[in-house]
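>
In my numbering, the protein residues as written are 988 to 1290.
1. How many Å lie between residue 1288 and residue 1237 at the Cα?
2. Quick one, which of 1126, 1201 and 1216 has its alpha-carbon nearest residue 1192's?
3. With 16 other CB atoms within 10 Å as the buried threshold, where does residue 1272 fall?
4. Is it buried or exposed, residue 1194, if we count other Cβ atoms within 10 angstroms and call 16 or more buried?
5. Looking only at its chain, what residues have a beta carbon closer than 6 Å to the beta carbon of residue 1225, apart from the 5 residues adjacent to it on each side?
6. If you draw a straight line from the alpha carbon of residue 1014 to that of residue 1074, how long is it in whole angstroms?
7. According to DSSP, is residue 1255 helix, strand or coil?
8. Quick one: measure Cβ to Cβ for residue 1210 and residue 1280, integer angstroms, because I've assumed they're closer than 8 Å.
9. So what does residue 1297 bridge to, in DSSP terms?
10. When DSSP labels each residue in this structure, what does residue 1230 get in the three-state scheme?
11. Quickly, what does DSSP pair residue 1269 with across the bridge? List them, please.
12. Smallest Cα separation from residue 1241: which of 1267, 1278 and 1227?
13. Could you give the distance in angstroms between the alpha-carbon of residue 1257 and the alpha-carbon of residue 1084?
14. If you draw a straight line from the alpha carbon of residue 1082 to that of residue 1088, how long is it in whole angstroms?
15. Take the Cβ of residue 1118 as the centre, count every other Cβ of all protein chains shown within 10 Å, and call the residue buried at 16 or more, exposed below.
16. Quick one: residues in its chain with C-beta nearer than 7 Å to the C-beta of residue 1221, no 5 flanking neighbours on either side, listed in chain order?
17. Take residue 1265 and list the residues in its own chain whose beta-carbon comes closer than 6 Å to its own, dropping the five residues that flank it on each side.
18. So, helix, strand or coil for residue 1240, using DSSP?
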(Lines of atoms letter the chains of each structure in order from A and count residues from 1; the text may use other names and numbers.)
(Lines give C-alpha, C1' and ligand atoms only; values in the text may rest on other atoms or scores of the structure.)
Protein backbone atom coordinates (compact mmCIF):
# COMPACT_ATOMS: atom_id res chain seq x y z
CA UNK A 1 0.00 0.00 0.00
CA UNK A 2 1.13 3.58 -0.62
CA UNK A 3 1.23 4.49 3.09
CA UNK A 4 4.09 2.16 3.85
CA UNK A 5 5.63 1.39 0.44
CA UNK A 6 8.93 3.24 1.07
CA UNK A 7 9.73 1.48 4.34
CA UNK A 8 8.70 -1.88 2.89
CA UNK A 9 11.00 -1.47 -0.13
CA UNK A 10 13.95 -0.52 2.07
CA UNK A 11 13.33 -3.56 4.27
CA UNK A 12 13.30 -5.89 1.26
CA UNK A 13 16.60 -4.43 -0.02
CA UNK A 14 18.24 -4.93 3.39
CA UNK A 15 16.99 -8.52 3.56
CA UNK A 16 18.29 -9.32 0.06
CA UNK A 17 21.71 -7.82 0.78
CA UNK A 18 21.92 -9.72 4.07
CA UNK A 19 20.99 -13.00 2.39
CA UNK A 20 23.60 -12.55 -0.36
CA UNK A 21 26.35 -11.60 2.11
CA UNK A 22 25.50 -14.61 4.28
CA UNK A 23 25.62 -16.94 1.29
CA UNK A 24 28.99 -15.59 0.12
CA UNK A 25 30.54 -15.85 3.58
CA UNK A 26 29.28 -19.39 4.08
CA UNK A 27 30.54 -20.40 0.64
CA UNK A 28 34.01 -18.99 1.41
CA UNK A 29 34.11 -20.83 4.74
CA UNK A 30 33.11 -24.03 2.98
CA UNK A 31 35.86 -23.56 0.39
CA UNK A 32 38.49 -22.98 3.07
CA UNK A 33 37.42 -26.09 4.95
CA UNK A 34 37.38 -28.26 1.84
CA UNK A 35 40.60 -26.97 0.23
CA UNK A 36 42.94 -25.90 3.04
CA UNK A 37 46.06 -26.41 0.90
CA UNK A 38 44.74 -24.16 -1.84
CA UNK A 39 43.79 -21.53 0.74
CA UNK A 40 47.28 -21.65 2.25
CA UNK A 41 48.85 -21.21 -1.16
CA UNK A 42 46.61 -18.26 -1.99
CA UNK A 43 47.30 -16.72 1.41
CA UNK A 44 51.03 -17.13 0.94
CA UNK A 45 50.84 -15.77 -2.56
CA UNK A 46 48.90 -12.74 -1.35
CA UNK A 47 51.50 -12.17 1.35
CA UNK A 48 54.29 -12.30 -1.20
CA UNK A 49 52.31 -10.04 -3.48
CA UNK A 50 51.80 -7.36 -0.85
CA UNK A 51 55.47 -7.56 0.07
CA UNK A 52 56.51 -7.18 -3.51
CA UNK A 53 54.18 -4.24 -3.97
CA UNK A 54 55.91 -2.49 -1.07
CA UNK A 55 59.34 -3.16 -2.50
CA UNK A 56 58.25 -2.18 -5.98
CA UNK A 57 57.42 1.32 -4.76
CA UNK A 58 61.11 2.00 -4.27
CA UNK A 59 62.53 -0.32 -6.91
CA UNK A 60 63.37 0.26 -10.55
CA UNK A 61 60.91 -0.33 -13.37
CA UNK A 62 62.77 -3.37 -14.56
CA UNK A 63 62.55 -5.15 -11.23
CA UNK A 64 58.85 -4.28 -10.96
CA UNK A 65 58.27 -5.81 -14.37
CA UNK A 66 60.14 -8.98 -13.45
CA UNK A 67 58.29 -9.41 -10.22
CA UNK A 68 54.99 -8.76 -11.96
CA UNK A 69 55.79 -11.54 -14.40
CA UNK A 70 56.57 -13.89 -11.56
CA UNK A 71 53.37 -12.90 -9.79
CA UNK A 72 51.35 -13.51 -12.92
CA UNK A 73 52.96 -16.90 -13.29
CA UNK A 74 52.10 -17.72 -9.68
CA UNK A 75 48.51 -16.58 -10.13
CA UNK A 76 48.19 -18.66 -13.29
CA UNK A 77 49.57 -21.62 -11.39
CA UNK A 78 47.08 -21.13 -8.56
CA UNK A 79 44.20 -20.68 -10.99
CA UNK A 80 45.16 -23.87 -12.75
CA UNK A 81 45.23 -25.70 -9.43
CA UNK A 82 41.85 -24.24 -8.47
CA UNK A 83 40.33 -25.24 -11.80
CA UNK A 84 41.60 -28.77 -11.35
CA UNK A 85 40.14 -28.91 -7.86
CA UNK A 86 36.80 -27.62 -9.16
CA UNK A 87 36.74 -30.27 -11.88
CA UNK A 88 37.46 -33.01 -9.35
CA UNK A 89 35.09 -31.84 -6.61
CA UNK A 90 32.28 -29.98 -8.45
CA UNK A 91 29.50 -32.34 -7.23
CA UNK A 92 30.50 -31.68 -3.63
CA UNK A 93 30.66 -27.92 -4.22
CA UNK A 94 27.29 -27.89 -6.00
CA UNK A 95 25.66 -29.76 -3.13
CA UNK A 96 27.28 -27.40 -0.60
CA UNK A 97 26.05 -24.30 -2.44
CA UNK A 98 22.56 -25.76 -2.65
CA UNK A 99 22.47 -26.56 1.04
CA UNK A 100 23.92 -23.18 1.98
CA UNK A 101 21.35 -21.33 -0.12
CA UNK A 102 18.37 -22.93 1.62
CA UNK A 103 18.60 -21.08 5.01
CA UNK A 104 18.89 -17.57 3.54
CA UNK A 105 16.06 -18.27 1.10
CA UNK A 106 13.82 -19.50 3.90
CA UNK A 107 14.69 -16.45 6.00
CA UNK A 108 14.09 -14.14 3.04
CA UNK A 109 10.69 -15.60 2.17
CA UNK A 110 9.50 -15.72 5.77
CA UNK A 111 10.78 -12.27 6.68
CA UNK A 112 9.39 -10.74 3.50
CA UNK A 113 5.90 -11.85 4.40
CA UNK A 114 6.21 -10.25 7.81
CA UNK A 115 7.48 -6.96 6.45
CA UNK A 116 5.19 -6.55 3.47
CA UNK A 117 1.92 -7.61 4.98
CA UNK A 118 -0.18 -4.69 6.15
CA UNK A 119 -1.37 -4.57 9.73
CA UNK A 120 -3.93 -7.24 10.56
CA UNK A 121 -5.63 -7.93 13.86
CA UNK A 122 -6.01 -6.01 17.07
CA UNK A 123 -2.38 -5.36 18.07
CA UNK A 124 -2.12 -1.76 16.88
CA UNK A 125 1.43 -1.45 18.25
CA UNK A 126 2.55 -3.83 15.47
CA UNK A 127 1.73 -1.37 12.72
CA UNK A 128 3.57 1.75 11.59
CA UNK A 129 0.71 2.85 9.32
CA UNK A 130 -0.95 6.24 9.65
CA UNK A 131 -4.12 4.52 10.87
CA UNK A 132 -2.24 2.91 13.74
CA UNK A 133 -0.41 6.15 14.55
CA UNK A 134 -3.71 7.97 14.84
CA UNK A 135 -5.15 5.25 17.04
CA UNK A 136 -2.11 5.43 19.33
CA UNK A 137 -2.56 9.19 19.67
CA UNK A 138 -5.23 11.23 21.37
CA UNK A 139 -8.89 10.28 21.15
CA UNK A 140 -10.47 11.18 17.83
CA UNK A 141 -13.80 13.01 17.75
CA UNK A 142 -16.55 12.50 15.15
CA UNK A 143 -16.74 15.13 12.40
CA UNK A 144 -19.77 17.43 12.12
CA UNK A 145 -22.61 15.64 10.31
CA UNK A 146 -23.43 16.75 6.77
CA UNK A 147 -26.74 18.55 6.14
CA UNK A 148 -29.77 16.25 6.59
CA UNK A 149 -30.79 16.72 2.97
CA UNK A 150 -27.70 14.73 1.90
CA UNK A 151 -29.56 11.60 3.01
CA UNK A 152 -32.98 12.54 1.62
CA UNK A 153 -32.34 13.40 -2.01
CA UNK A 154 -34.70 12.15 -4.66
CA UNK A 155 -32.07 9.70 -5.93
CA UNK A 156 -31.56 8.18 -2.48
CA UNK A 157 -35.30 7.89 -1.88
CA UNK A 158 -35.58 6.08 -5.20
CA UNK A 159 -32.54 3.79 -5.08
CA UNK A 160 -31.66 3.48 -1.36
CA UNK A 161 -34.70 4.42 0.69
CA UNK A 162 -33.42 2.58 3.77
CA UNK A 163 -30.77 5.28 4.23
CA UNK A 164 -33.33 7.98 4.92
CA UNK A 165 -34.29 6.50 8.32
CA UNK A 166 -30.88 5.05 9.26
CA UNK A 167 -29.30 5.76 12.66
CA UNK A 168 -26.17 7.89 12.30
CA UNK A 169 -25.41 8.58 15.98
CA UNK A 170 -21.74 7.96 16.72
CA UNK A 171 -22.58 7.37 20.38
CA UNK A 172 -24.45 4.19 19.44
CA UNK A 173 -21.30 2.66 17.96
CA UNK A 174 -18.83 0.61 20.00
CA UNK A 175 -16.10 3.02 21.21
CA UNK A 176 -13.26 0.88 19.84
CA UNK A 177 -14.87 0.57 16.41
CA UNK A 178 -15.70 4.27 16.49
CA UNK A 179 -12.03 5.21 16.91
CA UNK A 180 -10.89 2.87 14.14
CA UNK A 181 -13.42 4.22 11.68
CA UNK A 182 -12.58 7.82 12.57
CA UNK A 183 -8.88 7.04 11.99
CA UNK A 184 -9.78 5.67 8.56
CA UNK A 185 -11.73 8.83 7.80
CA UNK A 186 -8.72 10.95 8.78
CA UNK A 187 -6.33 9.04 6.52
CA UNK A 188 -8.82 9.13 3.65
CA UNK A 189 -9.02 12.89 4.00
CA UNK A 190 -5.37 13.73 4.72
CA UNK A 191 -3.66 11.19 2.48
CA UNK A 192 -6.07 10.83 -0.42
CA UNK A 193 -8.44 13.80 -0.35
CA UNK A 194 -11.65 11.82 0.20
CA UNK A 195 -14.33 12.95 2.65
CA UNK A 196 -16.18 10.03 4.21
CA UNK A 197 -19.64 10.16 5.78
CA UNK A 198 -21.28 7.80 8.26
CA UNK A 199 -24.32 6.36 6.50
CA UNK A 200 -25.51 3.99 9.22
CA UNK A 201 -24.24 2.77 12.57
CA UNK A 202 -26.47 1.03 15.09
CA UNK A 203 -29.43 -0.88 13.69
CA UNK A 204 -32.21 -2.25 15.87
CA UNK A 205 -33.26 -5.91 15.46
CA UNK A 206 -36.69 -4.71 14.31
CA UNK A 207 -35.16 -2.57 11.59
CA UNK A 208 -32.83 -5.44 10.63
CA UNK A 209 -35.79 -7.78 10.18
CA UNK A 210 -37.61 -5.15 8.13
CA UNK A 211 -34.62 -4.62 5.84
CA UNK A 212 -34.21 -8.34 5.34
CA UNK A 213 -37.85 -8.74 4.39
CA UNK A 214 -37.33 -6.13 1.69
CA UNK A 215 -34.61 -8.33 0.20
CA UNK A 216 -32.34 -5.52 -1.01
CA UNK A 217 -30.29 -4.02 1.79
CA UNK A 218 -29.26 -7.18 3.67
CA UNK A 219 -29.59 -10.95 3.87
CA UNK A 220 -29.10 -11.07 7.65
CA UNK A 221 -32.06 -11.37 9.99
CA UNK A 222 -32.57 -9.85 13.43
CA UNK A 223 -29.54 -10.20 15.74
CA UNK A 224 -27.48 -11.64 12.88
CA UNK A 225 -25.91 -8.36 11.75
CA UNK A 226 -23.02 -6.64 13.48
CA UNK A 227 -25.04 -3.42 13.33
CA UNK A 228 -27.25 -4.72 16.17
CA UNK A 229 -24.25 -4.83 18.51
CA UNK A 230 -22.72 -1.51 17.47
CA UNK A 231 -19.88 -3.47 15.87
CA UNK A 232 -20.60 -2.64 12.22
CA UNK A 233 -20.92 0.63 10.31
CA UNK A 234 -21.66 1.75 6.76
CA UNK A 235 -19.78 4.69 5.24
CA UNK A 236 -19.69 6.39 1.86
CA UNK A 237 -17.53 9.04 0.15
CA UNK A 238 -19.20 12.37 -0.49
CA UNK A 239 -18.52 14.64 -3.46
CA UNK A 240 -20.21 17.91 -4.34
CA UNK A 241 -22.69 17.35 -1.52
CA UNK A 242 -23.79 13.91 -2.80
CA UNK A 243 -23.06 10.42 -1.50
CA UNK A 244 -21.26 8.33 -4.11
CA UNK A 245 -22.18 4.70 -4.83
CA UNK A 246 -21.38 4.06 -8.49
CA UNK A 247 -18.51 1.55 -8.65
CA UNK A 248 -18.32 2.21 -12.39
CA UNK A 249 -16.97 5.66 -11.61
CA UNK A 250 -13.14 5.49 -11.18
CA UNK A 251 -13.11 8.15 -8.44
CA UNK A 252 -15.73 6.28 -6.41
CA UNK A 253 -14.20 2.86 -6.98
CA UNK A 254 -10.79 4.07 -5.81
CA UNK A 255 -12.38 5.59 -2.70
CA UNK A 256 -14.05 2.34 -1.67
CA UNK A 257 -10.97 0.21 -2.27
CA UNK A 258 -8.81 2.60 -0.25
CA UNK A 259 -11.48 2.46 2.45
CA UNK A 260 -11.22 -1.34 2.41
CA UNK A 261 -7.41 -1.36 2.57
CA UNK A 262 -7.39 1.04 5.51
CA UNK A 263 -10.08 -1.00 7.24
CA UNK A 264 -7.83 -4.05 7.04
CA UNK A 265 -4.96 -2.01 8.48
CA UNK A 266 -7.21 -1.08 11.39
CA UNK A 267 -8.05 -4.74 12.06
CA UNK A 268 -11.55 -4.54 10.58
CA UNK A 269 -13.33 -6.74 8.05
CA UNK A 270 -14.47 -5.00 4.88
CA UNK A 271 -17.67 -6.05 3.15
CA UNK A 272 -16.03 -5.54 -0.24
CA UNK A 273 -14.04 -8.73 0.37
CA UNK A 274 -17.11 -10.88 0.90
CA UNK A 275 -17.82 -13.56 -1.68
CA UNK A 276 -21.58 -13.98 -1.56
CA UNK A 277 -22.45 -10.28 -1.61
CA UNK A 278 -20.21 -7.24 -2.02
CA UNK A 279 -21.02 -4.62 0.62
CA UNK A 280 -18.47 -1.90 -0.16
CA UNK A 281 -19.86 0.53 2.42
CA UNK A 282 -19.61 -1.88 5.35
CA UNK A 283 -16.83 -2.54 7.89
CA UNK A 284 -17.09 -4.52 11.13
CA UNK A 285 -15.21 -5.99 14.07
CA UNK A 286 -15.88 -9.55 12.96
CA UNK A 287 -14.41 -11.53 15.88
CA UNK A 288 -16.22 -9.57 18.54
CA UNK A 289 -19.37 -9.64 16.44
CA UNK A 290 -19.28 -13.44 16.19
CA UNK A 291 -18.90 -13.67 19.96
CA UNK A 292 -21.81 -11.26 20.46
CA UNK A 293 -24.03 -13.23 18.08
CA UNK A 294 -23.19 -16.49 19.84
CA UNK A 295 -24.01 -14.96 23.22
CA UNK A 296 -27.32 -13.56 21.93
CA UNK A 297 -28.22 -16.92 20.36
CA UNK A 298 -27.59 -18.67 23.67
CA UNK A 299 -29.62 -16.01 25.48
CA UNK A 300 -32.58 -16.36 23.13
CA UNK A 301 -32.41 -20.15 23.30
CA UNK A 302 -32.37 -20.05 27.09
CA UNK A 303 -35.32 -17.66 27.20
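Glycine included, each C-beta is placed from N, C-alpha and C at the ideal position.
Put simply:
1. Taking the chain shown and counting its residues from 1, one reaches residue 1288 at position 301. Taking the chain shown and counting its residues from 1, one reaches residue 1237 at position 250. Straight-line Cα distance between these residues: approximately 47 Å.
2. Indexing the chain shown from 1 puts residue 1192 at position 205. Comparing alpha-carbon positions, the option among 1126, 1201 and 1216 lying closest to residue 1192 turns out to be 1216.
3. The count along the chain shown starts at 1 and reaches residue 1272 at position 285. Looking at its Cβ environment, which holds 16 or more other Cβ atoms inside 10 Å, residue 1272 is buried.
4. As a working note, residue 1194 is residue 207 in the chain shown. Classification for residue 1194: buried.
5. Taking the chain shown and counting its residues from 1, the one referred to as residue 1225 is at position 238. Spatial neighbours of residue 1225 in its own chain (CB-CB distance under 6 Å, excluding positions within 5 residues in sequence) are listed in chain order as 1182 and 1184.
6. Mapped onto the chain shown, residue 1014 falls at position 27. Mapped onto the chain shown, residue 1074 falls at position 87. A straight line joining the alpha-carbon of residue 1014 with that of residue 1074 spans about 17 Å.
7. Start at 1 with the first residue of the chain shown, and residue 1255 comes out as number 268. If DSSP states are grouped into helix, strand and coil, residue 1255 belongs with coil.
8. For this step, residue 1210 is matched to residue 223 along the chain shown. For this step, residue 1280 is matched to residue 293 along the chain shown. Sure, about 7 Å apart at Cβ, within 8 Å.
9. With the chain covering only 988 through 1290, there is no way to say anything about residue 1297.
10. Taking the chain shown and counting its residues from 1, the one referred to as residue 1230 is at position 243. In the three-state reduction of the DSSP assignment, residue 1230 falls in the strand class.
11. As a working note, residue 1269 is residue 282 in the chain shown. Paired residue(s): 1221.
12. Looking up residue 1241 in the chain shown gives position 254. In terms of CA proximity to residue 1241, 1267 leads the group 1267, 1278 and 1227.
13. Taking the chain shown and counting its residues from 1, one reaches residue 1257 at position 270. Taking the chain shown and counting its residues from 1, one reaches residue 1084 at position 97. Their Cα atoms are separated by approximately 45 Å.
14. Position 95 of the chain shown, counted from the first residue, corresponds to residue 1082. Position 101 of the chain shown, counted from the first residue, corresponds to residue 1088. For residue 1082 and residue 1088, the distance between alpha carbons rounds to 10 Å.
15. Here residue 1118 refers to the residue found at position 131 when the chain shown is read from its first residue. Answer is buried; the Cβ neighbour count reaches 16.
16. Locating residue 1221 in the chain shown gives position 234, where the first residue counts as 1. Here the set comprises 1186, 1187, 1268 and 1269.
17. In the chain shown, counting from the first residue as 1, residue 1265 sits at position 278. Taking residue 1265 as the centre and dropping the five residues before and after it, the same chain places the C-beta of 1259 closer than 6 Å to its C-beta, in chain order.
18. Here residue 1240 is taken as the residue at index 253 of the chain shown, counted from 1. Reduced to three states, the DSSP call for residue 1240 is helix.
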